[in-house]
Amino acid sequence: RGYQFDCDTINFHVNPYFEHFNFPTDGLRFLGLISLIDPPRVNVAEAVRKCRSAGIRLLMITGDHPLTATAIARSTGIITDYSETEQLIENVFDNNARSCVIHGSTLKTMNRKQLDNLIKYHQEIVFARTSPQQKLIIVETCQRLGEIVAVTGDGVNDSPALKKADIGIAMGITGSDEELFLII
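One rule links them: number in my numbering = place in the sequence shown (from 1) + 2.
Written out as structure tokens, the structure is:
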């Protein structure tokens, strides 16, 4: 019998130390480990660099786990290698971190002013484990702050954000199912 290791249910993004497992820990034998990788396309990092050099700001909104999202954002240049990255919301507003990774559950607890300030004062932002409604809220917030917003994405989860954006770019079947890039 196999068990799924679910980091989200144990708040791994807040506390990476395990106190309560979501699976049994006695009477088991380790037989193997499976790992999958779906790397970003090779031209994404160059596209990000070109956008940045043109003065275009990029936000990443994804359904991926924060650790996965951070790795993708770093590998594509959405979060620069030299950036201090903050993941704990209580620290996001108390320090000068250039970049931050915000979990969807944290986004739910933020009020309008906090979200406005997050988008205004952090240059590199990744939103992870977000819902379609949260994607839409992020687009609307950027627009309310006077930004012209372009959204790329595919799938039903991206539809509300794609429709609300000033420019919505629906990708074909060769695009990523999980990631939505917000360009402001």
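Each residue gets a CB set at the ideal place from its N, CA and C atoms; glycine is no exception.
| Item | Value |
| --- | --- |
| If you pair each beta-carbon of the stretch 104-115 with each one of the stretch 158-167, do three or more pairs fall below 8 Å? | no |
| Does DSSP put T70 in a helix, a strand or coil? | helix |
| Rounded to the nearest angstrom, what separates K122 and E48 at their Cα positions? | 25 Å |
| Excluding five sequence neighbours on each side, which residues of the same chain lie with their C-beta closer than 7 Å to the C-beta of E92? | With a pLDDT of 49 at E92, under the threshold of 50, the modelled position of that residue is not reliable, and the figure given next carries that caveat. Cβ neighbours of E92 beyond the five flanking positions: none. |
| P68: buried (16+ other C-beta within 10 angstroms of its C-beta) or exposed? | buried |
| Alpha carbons only, please: which of C53, I150, Q145 and K137 is nearest the one belonging to D156? | K137 |
| With a threshold of 16 other CB atoms inside 10 Å of the CB of F129, please say whether the residue is buried or exposed. | buried |
| Of all the options D118, P41, G57 and H124, which has the alpha carbon lying nearest to the alpha carbon of I81? | H124 |
| If we count the other Cβ atoms within 10 Å of its Cβ and call it buried at 16 or more, is G29 buried or exposed? | exposed |
| Within 10 angstroms of the Cβ of I63, are there 16 or more other Cβ atoms? Answer buried if so, exposed if not. | buried |
| Relative to the C-alpha of R146, which residue among Q135, L117, M173 and D83 is closest? | L117 |
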